[in-house]
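First residue of the sequence shown: 3, per this note's numbering; consecutive thereafter.
From the three backbone atoms N, C-alpha and C, an ideal C-beta is built for every residue, glycine too.
Here's the structure we're looking at; comments come further down.
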Amino acid sequence: MSQGMDDAPPAKRQKTEADDPPPGDRKDEAPRKDQGEGGGKPPAPPWRRRLLIGGGALAGLLLLVGGGWWWWQSRLWEATDDAFLEAHVTRLAPQVAGRVAELLVDDNQRVEAGQLLLRIDPRDFEVALQNARARHGSAAAQVAEAGAQVAVRRAAIGQAQANVVIAEADQENAETSLRRFRSVDPRAVTQQARDDAEAQSRSARARVEAARQEVAAAEAQAAAAEAQRRAAEAALREAEAAVGNAELQLSYTSIAAPVAGRIANRGVETGNYVTPGQALLSVVEPSVWVTANFKETQLRQIRPGQAVEVKVDAYPDPVLKGRVDGIQRGTGARFSVLPAQNATGNYVKITQRVPVKIVLEDDRARDLPLSPGLSVVPSVRVRD
3 MSQGMDDAPP
13 AKRQKTEADD
23 PPPGDRKDEA
33 PRKDQGEGGG
43 KPPAPPWRRR
53 LLIGGGALAG
63 LLLLVGGGWW
73 WWQSRLWEAT
83 DDAFLEAHVT
93 RLAPQVAGRV
103 AELLVDDNQR
113 VEAGQLLLRI
123 DPRDFEVALQ
133 NARARHGSAA
143 AQVAEAGAQV
153 AVRRAAIGQA
163 QANVVIAEAD
173 QENAETSLRR
183 FRSVDPRAVT
193 QQARDDAEAQ
203 SRSARARVEA
213 ARQEVAAAEA
223 QAAAAEAQRR
233 AAEAALREAE
243 AAVGNAELQL
253 SYTSIAAPVA
263 GRIANRGVET
273 GNYVTPGQAL
283 LSVVEPSVWV
293 TANFKETQLR
303 QIRPGQAVEV
313 KVDAYPDPVL
323 KGRVDGIQRG
333 TGARFSVLPA
343 QNATGNYVKI
353 TQRVPVKIVL
363 EDDRARDLPL
373 SPGLSVVPSV
383 RVRD
């Protein structure tokens, strides 16, 4: 049989070998086989391709519209997140030292103006007031005594002046008698009578002089009594001032709320010993406003009276309405404890921020527990 195969025609054998390439040249057999078995991906249908193109175009259009809307809105509003709520906070401190005898409020409690908050032990101040009143009574008695002395001295002046009048009358009578004796014939009267008349005249002049000196002495004593009365009155006024001061110090033992609001930052308990100036608690008023620190580059379009939308971080809903109340005349850095000194040789320009006060005009703000210090985001409408 092998012999029969060897007897085949040469041309036929060559064709058979040409039809069967060597193993090294059969690279496409596996791929073709795989493709023939369905391993290749068919081309995408036309409708899917159109859908992808349309979706991309729509996304680009939406992005363009959104960017345009954002650009337009950014021209209408100026906003900042460097903003906080502020309120009037009254810090209370005692004006006298003592031990707290009674504490009548607690943190976050609502109080009215004039409501008693705490009381310091008043006993020492009550004793001081009693002493002051006793000294006042003594001073008043001294004033009365000095006034009586003035009256006595003035009466003595009147008596002395009356004595002067009597003495002057006696002097005039004695001098008249003496002139009569001198005018008659010496032989008509005795020498003794003439000597008696002269003696009476001299005695009358002496009594007048003595009476006048008594008047001067009485006037001096009256002046001294008047000075004592003025000194007693000054002491009385001093005692009255001491009583007033003692009453004032006693009143300081009762600390009341100066304004209506809520108690915050209470740092005192019953029995604590407090000193003047020591911070005890604070009263926060209910009205709040916004202090927004805008960049200086944003101020060119911000004006008082412009409408503002305020979003509170703690309470995102609702967005509160307000308006610009005023712009501070000075940056925040200018009013800091240690202002920057730029004349030192090294300078880096930093955009400054300026506080802008924004008042809330939304009734809904009353329903929210807004407290000073909360972060807010105000947006000022700078264009219509």
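Under the three-state reduction of DSSP, residue 284 is assigned to strand. Rounded to the nearest whole angstrom, the CA to CA distance from residue 207 to residue 158 is 21 Å. Contact fails between the stretch 223–233 and the stretch 78–89, because fewer than three Cβ pairs, one in each stretch, are under 8 Å apart. Only residues of its own chain outside the window of five on either side were considered, and among them 141 have a CB closer than 8 Å to the CB of residue 240, listed in chain order. For residue 327, the uninterrupted beta strand (DSSP E) run begins and ends at 322–329, by DSSP. The three-state reading of DSSP puts residue 253 in helix, counting H, G and I together. According to the DSSP assignment, residue 359 belongs to the beta strand (DSSP E) that extends over 355–362. Residue burial is scored here from C-beta neighbours: residue 112 has fewer than 16 other C-beta atoms within 10 angstroms and is therefore classed as exposed.
Selection 250, 255 and 163 evaluated against residue 213 yields 163 as nearest (Cα-Cα). Rounded to the nearest angstrom, the gap between the Cα atoms of residue 90 and residue 350 is 36 Å. The three-state reading of DSSP puts residue 159 in helix, counting H, G and I together. Note that the C-beta distance between residue 102 and residue 127 is not below 9 Å. Residue 153 and residue 172 have their C-alpha atoms spaced approximately 29 Å apart. Of 375, 132, 121 and 296, the smallest CA-CA separation from residue 248 is found for 132. Taking 9 Å as the cut-off, the beta carbon of residue 119 is found no closer than this to the beta carbon of residue 304. Burial check for residue 67: the Cβ neighbour count within 10 Å stays below 16, so the residue is exposed.
Cβ-Cβ distances below 7 Å link residue 216 to 162 and 165 in the same chain, with the five nearest sequence neighbours on each side left out; the list follows chain order.
The stretch 286–300 makes no contact with the stretch 269–277: fewer than 3 CB pairs, one atom from each, lie closer than 8 Å. The C-alpha of residue 383 lies about 21 Å from the C-alpha of residue 290. The beta carbon of residue 242 sits closer than 7 Å to the beta carbons of 138 from its chain, once the five residues preceding and following it are set aside; these are given in chain order. Residue 266 sits away from residue 115, with the two beta carbons spaced by 9 Å or more. Residue pairing by DSSP places residue 120 opposite 105 and 257 in a beta bridge. Straight-line spacing of the CA atoms in residue 69 and residue 62 works out to 10 Å. The stretch 353–371 and the stretch 323–343 touch, with three or more beta-carbon pairs separated by less than 8 Å. Going by DSSP, residue 337 is part of no beta strand (DSSP E) at all; its letter is neither H nor E. With respect to the 9 Å criterion, residue 314 and residue 378 are classified as neighbours on the basis of their beta carbons. Residue 270 has no beta-bridge partner at all, per DSSP.
With contacts defined as CB atoms closer than 9 Å, residue 319 and residue 306 fail to qualify as a contacting pair. In the DSSP assignment, residue 383 falls within the beta strand (DSSP E) that extends over 377–383. Annotated three-state conformation of residue 174 is helix, per DSSP. The beta carbon of residue 264 lies closer than 8 Å to those of 110, 111, 112, 113, 285, 286 and 288 in the same chain, with the five residues before and after it left out.
Check the Cα spacing between residue 144 and each of 252, 94 and 236: the tightest is with 236. Taking the Cα positions, residue 238 is about 40 Å away from residue 211.
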